[in-house]
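Shown next, in structure tokens, is the structure this report addresses.
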Amino acid sequence: MLDNKSILITGGTGSFGKNFIEILLKSYNPKKIIVYSRDEFKQDVMRKDLAQKFPDKISKLRFFIGDVRDKERLYRAFNGVDYVIHAAAMKQVPACEYNPFEAIKTNIHGAQNIVDAALDCGVKKVIALSTDKAVNPINLYGGTKLVSDKLFISANSYRGDEGTVFSIVRYGNVSGSRGSVIPFFRELLNNGVKELPITDPRMTRFWMTLDDAADLVIKALEESKGGETYVFKNPSYKIIDVASAMNPGGKINIVGIREGEKLHEVMITSDDSRNTYDYGNYYIIYPNYIWWSKDDYFKDGGTLIKEGWEYNSGTNSEWLDVESLRKKIEMLGL
6 MLDNKSILIT GGTGSFGKNF IEILLKSYNP KKIIVYSRDE FKQDVMRKDL AQKFPDKISK
66 LRFFIGDVRD KERLYRAFNG VDYVIHAAAM KQVPACEYNP FEAIKTNIHG AQNIVDAALD
126 CGVKKVIALS TDKAVNPINL YGGTKLVSDK LFISANSYRG DEGTVFSIVR YGNVSGSRGS
186 VIPFFRELLN NGVKELPITD PRMTRFWMTL DDAADLVIKA LEESKGGETY VFKNPSYKII
246 DVASAMNPGG KINIVGIREG EKLHEVMITS DDSRNTYDYG NYYIIYPNYI WWSKDDYFKD
306 GGTLIKEGWE YNSGTNSEWL DVESLRKKIE MLGL
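Mind the numbering: the sequence shown is residues 6 to 339 in my numbering, read in order.
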């Protein structure tokens, strides 16, 4: 499906974008991959790295300097593009809290610009990356991503019979990604810190890797019909167990929950359970809008989950213990 196709990734120099592009170059034969982002230094670093790893395929890459806030630039970048993966966002919770207007411009206005440009330029599919923080949001980042999700889902009502298909992939903190807890702990330990900081000993997260995230995006590209929110099934773990796995026998310093931080990741709310189907190793949340028709958009083979059920890292049925975490962290190679 991705062979001989033009694929654009907004925020393409981020952790997800870099990993996703490498998977595309290893496993597929795309016509063109467009990296759309606003940091020319990161683009240059990525270009050099990929030229070493894929010298025979570097000609397939295009590096566009641009911001999702700039609709005119998006129209130029989307010309001739088949698929768009929207990964660009202001993601740091403290930065969004301190710069709310900027977060709104990027995460909400930027999403609207993506929708308009995709519809008008004839893009076949847009897969937008969401976050657990958009579920019952308690911080501005989550609030802006909730609005962004709604914009992409509702955009399907503008597509007509043959227009752009819009769908969402939702996941939480990616293990080992930039800014996540594992590289943070690793940096502290490398600097000689003996006591790792834990915000709350009850805190849990879902374990998900960059490869998992890429697999779910590819699945959405292959099968989405419009309006779906894809959620991968993952085991849970306790942050305090990560500290024990990385620093056996070390002391823990309880520092308190930070502003806008949640105890647990929630991927699917109990209210969404009425529209959520289990497909084995992932879930799909379907929209509940007048334009959405089960005959046109539903994927066969799913089982409707029990009403009132919530997909929460704190109440999950599958868990990683300290030893399992130690092995998985070693596999990350950090």
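Backbone N, C-alpha and C fix where the C-beta goes; we use that ideal spot for every residue, glycine too.
Practice item. Whole angstroms is fine: what's the gap from ASN321's alpha carbon to PRO240's? Key: 7 Å
Review point. Alpha carbon to alpha carbon, what distance is there between ARG52 and ALA82?
Key: 18 Å
**Study point:** Rounded distance between the beta-carbons of PRO206 and ILE262, thought under 8 Å
**Key:** Rounded, the Cβ-Cβ distance is 11 Å, inconsistent with contact.
Review point. Ends of the beta strand (DSSP E) at SER172?
Key: 170-176
**Study point:** Boundaries (first-last residue) of the alpha helix (DSSP H) holding TYR284
**Key:** Note, TYR284: premise wrong, no alpha helix (DSSP H); not H, not E.
Review point. If you draw a straight line from the C-alpha of GLY181 to the C-alpha of ILE310, how long is it?
Key: 31 Å
Practice item. From the DSSP output, in three-state form, read off MET51 for me. Key: helix
Check your understanding: Can you give the Cα-Cα distance for VAL186 and GLU167, rounded to whole angstroms?
Key -> 43 Å
Check your understanding: How would you write the range of the alpha helix (DSSP H) that ALA218 sits in, first residue to last?
Key -> 215-228
**Study point:** Minimum Cβ-Cβ distance from GLU328 to chain C less than 8 Å
**Key:** Included in the structure is just one protein chain, with no chain C present.
Review point. Does the Cβ-Cβ distance between ILE39 and PHE25 come in under 8 Å?
Key: no
Point to revise | Exposure of VAL260, with buried meaning 16 or more beta-carbon neighbours within 10 Å | key: exposed
Review point. When DSSP labels each residue in this structure, what does SER32 get in the three-state scheme?
Key: helix
**Study point:** Backbone secondary structure at SER185 - three-state DSSP
**Key:** coil
Exercise for review: Tell me where the alpha helix (DSSP H) around THR149 begins and ends.
Suggested key: 145-159
Review point. Which stretch, first to last residue, makes up the alpha helix (DSSP H) that contains MET336?
Key: 327-337
Point to revise | Backbone CA spacing between THR308 and ILE273 [nearest angstrom] | key: 15 Å
Point to revise | Nearest to PHE237 (by Cα), restricted to the options SER249, ASN9, ASN118 and VAL179 | key: VAL179
Exercise for review: With a 10 Å radius around its C-beta and 16 neighbouring C-beta atoms as the bar for buried, classify ASP87 as buried or exposed.
Suggested key: buried
Exercise for review: State the Cα-Cα distance for the pair GLY231 and LYS224, rounded to the nearest angstrom.
Suggested key: 13 Å
Check your understanding: Hey, quick one: how far does the beta strand (DSSP E) through SER249 stretch, first residue to last?
Key -> No beta strand (DSSP E) holds SER249; the alpha helix (DSSP H) holding it covers 244-251.
Review point. Since LYS65 and LYS37 are thought to touch, with beta carbons under 8 Å apart, how far apart are those beta carbons, to the nearest angstrom?
Key: 6 Å
**Study point:** Of the residues ALA116, HIS91, ILE119 and LYS96, the one placed nearest ILE132, counting alpha carbons only
**Key:** HIS91
Practice item. Would you kindly work out how many angstroms separate the C-alpha atoms of ILE334 and LEU194, rounded to a whole number? Key: 14 Å
**Study point:** For GLY165, the nearest candidate out of ASP125, TYR287 and ASP305 (CA to CA)
**Key:** ASP125
Exercise for review: Taking ASP72 as the reference, give the member of GLN57, ALA94 and VAL89 with the closest Cα.
Suggested key: ALA94
Exercise for review: Quick one: using the 10 Å Cβ neighbour count with 16 as the cut-off for buried, is GLN57 buried or exposed?
Suggested key: exposed
Review point. Going along the chain, which residues of its own chain have a beta-carbon closer than 6 Å to the beta-carbon of ASP154, five neighbours each way excluded?
Key: SER135, ALA139 and ILE173
Point to revise | the segment 104-124 touching the segment 142-154, judged by at least three CB pairs closer than 8 Å | key: yes
Practice item. Take MET6 and list the residues in its own chain whose beta-carbon comes closer than 8 Å to its own, dropping the five residues that flank it on each side. Key: LEU226 and GLU227
Review point. Identify the residues that DSSP records as bridge partners of PRO202: which are they?
Key: ASN258
Check your understanding: Is ILE39 helix, strand or coil by DSSP?
Key -> strand
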